[in-house]
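Asks: The numbering of the sequence shown is the working numbering, which starts it at 64 and goes up by one. Think of the CB as a built atom: it goes at the ideal place given N, C-alpha and C, for glycine as much as any other residue. I have a structure I would like to understand better, so I am pasting it below and will then ask my questions one at a time.
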Amino acid sequence: LGTNGLHVIENGFDLGTVGTPVLRPGQRYYLGVQNPNPSATDIRIAVEFDLIDGITRLTNGVRVVKTIPPGQDLQFFQIDVSTNALELAFEIINPDGDVDLLVHQWPTLPGTNRFDFADAPGNNAVRVKRAVADAGSVPPL
64 LGTNGLHVIE NGFDLGTVGT PVLRPGQRYY LGVQNPNPSA TDIRIAVEFD LIDGITRLTN
124 GVRVVKTIPP GQDLQFFQID VSTNALELAF EIINPDGDVD LLVHQWPTLP GTNRFDFADA
184 PGNNAVRVKR AVADAGSVPP L
């Protein structure tokens, strides 16, 4: 939704500027951004939705208590990282059993065979040192 209203193109058909459409769950959506100015413009863009996917949002320094059911399904968490962060530290404190901590940055969710960082066997902590240029939203962990 921009200053000129919402412009909708659906299945290749230009529907023009309309009210807010009904979103269909499970569908892929694309965002297009245009710069009508004669010079380059730096932007940051984000999408906020109602989290019907069950991803828990984390806040820096705030503990989250959660019971994870047994099985192979992963539980996902997400945190937004400040632009001046130099290090990220994730820790599972006193788990009742063996758990795996996987960290992955966009564009996909982590999996047991798809992650950027993982805890070592018998250790439930991950420390990630990174450059400031990588700051932004760290997607579901």
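Where does T119 fall in DSSP's three states?
Replies: In the sequence shown, residue 119 corresponds to position 56, counting from 1. T119 falls in the strand class under three-state DSSP.
Asks: Please report how far the alpha carbon of I106 lies from the alpha carbon of L94, in whole angstroms.
Replies: Reading the sequence shown from its first residue, position 43 is the one you call residue 106. Reading the sequence shown from its first residue, position 31 is the one you call residue 94. About 13 Å.
Asks: I'd like to confirm the pairing. Which residues does DSSP put opposite Q141 in its beta bridges?
Replies: Taking the first residue of the sequence shown as 1, we reach residue 141 at position 78. Paired residue(s): R120.
Asks: For G174 and P184, I'd like the C-alpha separation in whole angstroms.
Replies: As a first step, residue 174 must be located in the sequence shown, where it is residue number 111. As a first step, residue 184 must be located in the sequence shown, where it is residue number 121. Distance between the alpha carbons of G174 and P184: 16 Å.
Asks: Identify which residue in N98, F180, D77 and K129 has its Cα closest to the Cα of N157.
Replies: Along the sequence shown, read from residue 1 onward, the residue named residue 157 stands at position 94. Selected option, being the one with the closest Cα: K129.
Asks: Take R190 and list the residues in its own chain whose beta-carbon comes closer than 7 Å to its own, dropping the five residues that flank it on each side.
Replies: Start at 1 with the first residue of the sequence shown, and residue 190 comes out as number 127. Excluding residues within five positions, the ones whose Cβ falls inside 7 Å are E150 and A152.
Asks: Taking the DSSP output, what are the residues bridged to F153?
Replies: Sequence index remark: in the sequence shown, residue 153 carries index 90 (1-based). The partner list for F153 (beta bridge, DSSP) reads V189.
Asks: Quick check on DSSP: helix, strand or coil for V166?
Replies: Locating residue 166 in the sequence shown gives position 103, counting from the first residue. Looking at V166 - three-state DSSP - the assignment turns out to be strand.
Asks: Give the single residue among P132, G134, D136 and F140 whose Cα lies nearest to the Cα of R126.
Replies: Along the sequence shown, read from residue 1 onward, the residue named residue 126 stands at position 63. It is F140.
Asks: I'd like to know whether the C-beta atoms of V166 and F180 end up nearer to each other than 7 Å.
Replies: Counted from its first residue, the sequence shown places residue 166 at position 103. Counted from its first residue, the sequence shown places residue 180 at position 117. Their beta carbons are under 7 Å apart, which means V166 touches F180 by this criterion.
Asks: Using only alpha-carbon positions, find the residue among D159, T122 and L121 that is nearest to P133.
Replies: Walking along the sequence shown from the start, residue 133 turns up at place 70. When only C-alpha atoms are compared, the closest one is D159.
Asks: Is it buried or exposed for L164, if we count other Cβ within 10 angstroms and need 16 for buried?
Replies: Against the sequence shown, residue 164 aligns to sequence position 101. Classification of L164: buried, given that the 10 Å Cβ count is 16 or more.
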